[in-house]
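In terms of this note's numbering, the sequence shown is numbered consecutively and its last residue is 233.
Each residue gets a CB set at the ideal place from its N, CA and C atoms; glycine is no exception.
Bear in mind that the values here come from a model prediction, so they are computed numbers and not experimental data.
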Amino acid sequence: MSSGFPSPDGPLGILGGTFDPVHFGHLRLAEEALDALGLDQILWIPAGRPPHRGRPTASPVDRLAMVRCALEGHPRFALDDHEVTSDASSYTVTTLERLRTGPLATRPLVLLLGADAFAGLMSWHRWRELLGLAHVAVASRQGVDAAVLPDELSALLARRRGPLAALAGQPAGRIVQFPMTPLGISASGIRALLRAGRSARYLLPESVLDYIARHRLYTAS
Ligand code: ATP
């Protein structure tokens, strides 16, 4: 872990993503999850080489640096750089297993997913094992119908759905859904704007935009 954080016993949120680049959709998801789910802190985990989707546009070093800019000064956000600095493929299940071998062995962990990510969960490596390692909290996402799920995932949701209060009572195993402020912001949308030479201001932190400009990321050539 690159930044130390105190370790109280309450539920810890885990927010993984490619963050290519990090934007206000991610930041609001994390901020609203703190309140809605009663989390103590959120550990942000940028993916290194996500095998189930296309190669990110920006390098791992740049994506990590942008997340670091975005989290700057937030007292309850911490950054885990293990996936992004490792040569191995990034899998959420192996990251959770790693966290469980350390001081977080028995602490409630809550994997935060947007509704689009949850709908695609069955494509994740060893996805059936995830709920043995963490709870899953699904945030609404603009443009995504949370009710449209593959049958097996719907059945899992029906079996494992719990009230928000269930998260603190056990280390893993429940699925909760929570509404977040709808924000039609996506990393792919931001990349498209920048590629077209258009402004992405107010979709992501100014410090991240400065980093993008300084390092000439997401330009057409
Ligand atoms: P892309 O557009 O390239 O697919 P993205 O904007 O979805 O990227 P990711 O890094 O893939 O960003 O997302 C990380 C997590 O944040 C995922 O669980 C995703 O569902 C969630 N997320 C991203 N943007 C939003 C948003 N605007 N509202 C709710 N959840 C979001």
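- Here DSSP, grouped into helix, strand and coil, assigns residue 31 to coil.
- By the criterion of a C-beta distance shorter than 7 Å, residue 109 is surrounded in its chain by 145, once the five residues flanking it on both sides are discounted.
- CA-CA distance, residue 76 to residue 107, rounds to 16 Å.
- Sequence-distant Cβ neighbours of residue 169 in its own chain, meaning closer than 6 Å and more than five residues away, are 187.
- Distance from residue 229 to residue 74 at the Cβ level is roughly 6 Å; contact confirmed, criterion being Cβ atoms closer than 8 Å.
- In the DSSP assignment, residue 126 is bridged to 151.
- Of the residues assessed, residue 138 falls on the exposed side of the cut-off, its CB having fewer than 16 other CB atoms within 10 angstroms.
- The secondary-structure analysis by DSSP pairs residue 58 across a beta bridge with 29.
- Distances taken from the Cβ of residue 78 to the heavy atoms of the ligand ATP include none shorter than 8 Å.
- Spanning the alpha carbons of residue 134 and residue 140 requires a straight line of approximately 8 Å.
- Residue 136 and residue 120 have their C-alpha atoms roughly 21 Å apart.
- A residue is called buried once 16 or more other Cβ atoms fall within 10 Å of its Cβ, and residue 214, having fewer, is exposed.
- Under the DSSP assignment, residue 224 falls in the alpha helix (DSSP H) whose first and last residues are 218–226.
- Bridge partners of residue 190 according to DSSP: 151.
- Distance check between residue 38 and each of 222, 164, 98 and 129 places 129 closest, using alpha-carbon atoms only.
- With a threshold of 8 Å, the Cβ atom of residue 61 does not count as near the ligand ATP, since no heavy atom of the ligand is closer than that.
- For the 9 Å CB-CB criterion, residue 185 and residue 147 form a contact.
- Restricted to the segment 81–114, the alpha helix (DSSP H) segments that are unbroken, complete and at least 4 residues in length are 94–97 and 104–112, listed in chain order.
- Residue 180 and residue 160 have their alpha carbons spaced roughly 28 Å apart.
- For residue 211, no alpha helix (DSSP H) segment is defined, and its DSSP state is neither H nor E.
- In this structure, residue 29 and residue 58 form a Cβ contact; the two beta carbons are roughly 7 Å apart against a cut-off of 8 Å.
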